[in-house]
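The structure appears below as structure tokens.
Number of protein chains: 2
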Amino acid sequence: MRDVYHEELDSIGATLIEMSGLVASALNQATTAIMNADLQLAEKVIAADDQVDALQKALDARALDLLARQQPVAGDLRTIITSLRMSADLERMGDLARHVAKVARLRYPEIAIPEELRQTVAEMGRIGEELAHKTGEIIDGRDVEAARLLEAEDDAMDRLHRALFSALLHEGTPYPVETAIDVTLVGRYYERFADHAVSVARRMIFLVTGDY
Amino acid sequence: MRDVYHEELDSIGATLIEMSGLVASALNQATTAIMNADLQLAEKVIAADDQVDALQKALDARALDLLARQQPVAGDLRTIITSLRMSADLERMGDLARHVAKVARLRYPEIAIPEELRQTVAEMGRIGEELAHKTGEIIDGRDVEAARLLEAEDDAMDRLHRALFSALLHEGTPYPVETAIDVTLVGRYYERFADHAVSVARRMIFLVTGDY
Chain A
1 MRDVYHEELD SIGATLIEMS GLVASALNQA TTAIMNADLQ LAEKVIAADD
51 QVDALQKALD ARALDLLARQ QPVAGDLRTI ITSLRMSADL ERMGDLARHV
101 AKVARLRYPE IAIPEELRQT VAEMGRIGEE LAHKTGEIID GRDVEAARLL
151 EAEDDAMDRL HRALFSALLH EGTPYPVETA IDVTLVGRYY ERFADHAVSV
201 ARRMIFLVTG DY
Chain B
1 MRDVYHEELD SIGATLIEMS GLVASALNQA TTAIMNADLQ LAEKVIAADD
51 QVDALQKALD ARALDLLARQ QPVAGDLRTI ITSLRMSADL ERMGDLARHV
101 AKVARLRYPE IAIPEELRQT VAEMGRIGEE LAHKTGEIID GRDVEAARLL
151 EAEDDAMDRL HRALFSALLH EGTPYPVETA IDVTLVGRYY ERFADHAVSV
201 ARRMIFLVTG DY
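In order, the protein sequence lines correspond to chains A and B. Note that full-length UniProt numbering gives residue 91 to position 91 of the first sequence, counting from 1, and the numbers run on in steps of one. Note that full-length UniProt numbering gives residue 153 to position 153 of the second sequence, counting from 1, and the numbers run on in steps of one.
The structure is reproduced here in structure tokens:
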């Protein structure tokens with residue numbers, strides 16, 4: 001039977017995986033909301049982010065408490081510190097999904113993203129969601145190989161982000177400034193969401209291998 | 001005479017203060033660079049960010065080493081964990097100053113910010129720089145009162161950020177999409193820079209009072 005200390009360590013890992021699932025789902029729904037001017041779904045995403053924030057707070061409190069009471073050394077110490085950092089990344093990913101949903105809400109009943117850019121934004125949403133799910137798997141399996149592969153998927157996100165800017169700057173009738181602002185911000189939110197997923201993956205590589 | 005342990009704790013605080021000064025100066029120079037299409041200054045800011053990153057890495061290594069070797073409890077433990085979080089905020093502020101400089105470089109020899117928006121951007125730069133300097137003072141003095149006041153200054157940044165969007169959306173001849181993209185991103189960088197300064201201030205309040 002495992003002791004209470006190791007049960008608490010495991011529960012911190014389980015919370016991180018739960019956060020990964022929640023932010024993946026939040027980004028999926030935020031993308032649907034902004035593609036369809038779905039106000040109800042946007043409101044749902046915005047409200048649901050409180051849950052991610054609460055999980056982070058609870059996780060951080062437990063981690064700090066473990067540090068103070070158990071004075072862990074070496075591997076366990078590194079695991080706890082890394083968990084604190086991963087929870088900060090995941091919490092921020094939740095904020096960014098909420099930001100996408102807020103743009104959807106702001107422009108309702110209009111659709112913030114022009115029709116011909118929607119495929120690119122949908123693809124950014126799909127990749128972001130997948131990256132978030134993978135962070136959960138990487139944390140669950142302490143999977144360094146999957147963590148290394150995740151960077152390649154972030155490259156795909158960066159390519160889509162650049163494609164979005166190119167499309168905004170197309171020849172012909174220019175987009176309204178409001179559209180340029182919305183698309184620029186939304187593109188940035190997806191890109192940063194992916195950056196934080198990469199950050200989680202890198203922290204796992206560091207935790208397992210000691211390489212940064 | 002203080003022991004080595006407390007000297008190391010002090011040196012972590014000194015590094016945070018040094019980082020505050022560097023990111024304040026980086027934002028000042030990045031703002032000058034983007035106002036004047038000053039390529040040399042932009043390149044200088046971009047290159048100088050490596051120093052902030054190196055300070056963060058060294059600080060984090062020292063903090064983790066202290067945690068592992070000294071197994072600090074209560075106040076010292078909280079100080080070290082808070083230092084790790086502040087160093088992450090300050091490192092990100094350095095990135096954001098570098099992002100502003102990169103927009104300056106991208107548009108050189110053009111000036112990325114239209115003339116009539118420059119006063120607002122200059123003011124955002126001034127406030128951001130001041131916030132960064134204040135984080136240094138707050139860390140140095142563990143100054144909860146100054147930390148609380150810092151939020152009011154961030155409100156000024158948010159107002160300027162909204163004013164920037166309003167100006168972009170003015171009546172009359174619309175801005176080119178490229179300008180809308182640049183101003184949107186730059187505005188966001190300043191706003192996020194200020195958010196991280198507020199985060200440092202809040203962490204000090206938490207460290208000293210235990211309130212979050």
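Don't be surprised by glycine CBs; every beta carbon is placed ideally from N, CA and C. Note that the structure is a prediction, hence the values are computed from the model and not measured.
- Scan the stretch 154-177 of chain B for residues whose Cβ lies nearer than 8 Å to a Cβ of chain E and list them as they occur along the chain. Any reference to chain E falls outside this structure, whose protein chains are A and B.
- With 16 as the cutoff for other CB atoms within 10 Å, does Arg98 of chain B come out buried or exposed? A residue is called buried once 16 or more other Cβ atoms fall within 10 Å of its Cβ, and Arg98 of chain B is buried on that count.
- Message: One question on the structure: do Asp158 of chain A and Arg107 of chain A come within less than 8 Å of each other, judged by their Cβ atoms?
- Response: Not in contact: Asp158 of chain A and Arg107 of chain A (Cβ atoms no closer than 8 Å).
- Query: What's the call for Tyr5 of chain A, buried or exposed, on a 16-neighbour Cβ count within 10 Å?
  - Reply: Per the 10 Å Cβ criterion, exposed.
- Message: Across the stretch 34-48 of chain A and the stretch 81-101 of chain A, are there enough close Cβ pairs to call them in contact, namely three or more that are closer than 8 Å?
- Response: In short, these stretches touch, since the Cβ pair count reaches three.
- Query: Nearest to Leu16 of chain A by alpha carbon, out of A:Asp38, A:Pro72, A:Ile81 and A:Gln70?
  - Reply: Nearest C-alpha to Leu16 of chain A: A:Ile81.
- Query: Which of the three DSSP states, helix, strand or coil, is assigned to Ile113 of chain B?
  - Reply: If DSSP states are grouped into helix, strand and coil, Ile113 of chain B belongs with coil.
- Query: Hey, out of B:Glu18, B:Val186 and B:Thr79, whose CA is closest to Thr120 of chain B's CA?
  - Reply: Measuring C-alpha to C-alpha distances from Thr120 of chain B to each of B:Glu18, B:Val186 and B:Thr79 identifies B:Val186 as the nearest.
- Message: Can you tell me whether Leu55 of chain A is helix, strand or coil according to DSSP?
- Response: Correct three-state label for Leu55 of chain A: helix.
- Query: So, does the CB of Ala68 of chain A fall closer than 8 Å to a CB anywhere in chain B?
  - Reply: Ala68 of chain A counts as touching chain B.
- Task: Run through the UniProt domain "PhoU" (16-103) of chain A for me and flag every whole beta strand (DSSP E) of 3 or more residues, listed as ranges in chain order.
- Result: Runs of the beta strand (DSSP E) inside the UniProt domain "PhoU" (16-103) of chain A: none found.
- Query: How is the alpha helix (DSSP H) around Asp3 of chain B delimited, first residue to last?
  - Reply: Here Asp3 of chain B belongs to no alpha helix (DSSP H), and DSSP marks it neither H nor E.
- Query: Tell me which same chain residues have a C-beta within less than 7 Å of the C-beta of Ala122 of chain B, skipping the five on either side of it?
  - Reply: For Ala122 of chain B, where only same-chain residues beyond five positions count, the Cβ hits under 7 Å are Thr31 and Met35.
- Message: Give the list of continuous alpha helix (DSSP H) stretches no shorter than 4 residues that lie fully inside the UniProt domain "PhoU" (122-203) of chain A.
- Response: Here the runs fully enclosed are 144-168.
- Closer than 8 Å to chain A by CB, Gln29 of chain B: Chain A contact via Cβ: absent.
- Item | Simplified DSSP assignment, three categories, for Leu106 of chain A | Helix, per DSSP.
- Task: Take Glu145 of chain A and list the residues in its own chain whose beta-carbon comes closer than 8 Å to its own, dropping the five residues that flank it on each side.
- Result: Hits under 8 Å: none found.
- Backbone secondary structure at Leu13 of chain B - three-state DSSP: Leu is not the amino acid found at residue 13 of chain B; the sequence shown has Gly there. Three-state DSSP puts Gly13 of chain B in a helix.
- Might you give, ordered along the chain, the residues of its own chain that have their beta carbon closer than 7 Å to the beta carbon of Val23 of chain A, omitting 5 neighbours on each side? The residues are Val52, Leu90, Met93, Gly94, Ala97 and Ala132.
- Task: Under 8 Å Cβ to Cβ from Arg203 of chain B, same chain only, skipping five residues before and after it: list those, please.
- Result: Thr82, Arg85, Met86 and Asp89.
- Message: Our contact map puts Ala104 of chain B next to Ala42 of chain B with C-beta atoms below 8 Å; I'd like the distance itself, whole angstroms only.
- Response: Contact check for Ala104 of chain B and Ala42 of chain B: beta-carbon distance about 4 Å, within the 8 Å limit, so the pair qualifies.
- Select from B:Asp143, B:Pro109 and B:Leu160 the residue whose C-alpha is nearest the C-alpha of Ile127 of chain B. Checking every option, the nearest Cα to that of Ile127 of chain B belongs to B:Leu160.
- Query: According to the Cβ coordinates, are Asn28 of chain A and Gly172 of chain A closer than 8 Å?
  - Reply: No, these two residues do not count as a Cβ contact at 8 Å.
- Task: Kindly indicate if chain B contains any beta-carbon less than 8 Å away from that of Arg62 of chain A.
- Result: No - not a single Cβ of chain B is within 8 Å of the one on Arg62 of chain A.
- Grab me the residues of Glu18 of chain B's own chain with a C-beta within less than 7 Å of its C-beta, minus the 5 sequence neighbours each way, in chain order. Leu55.
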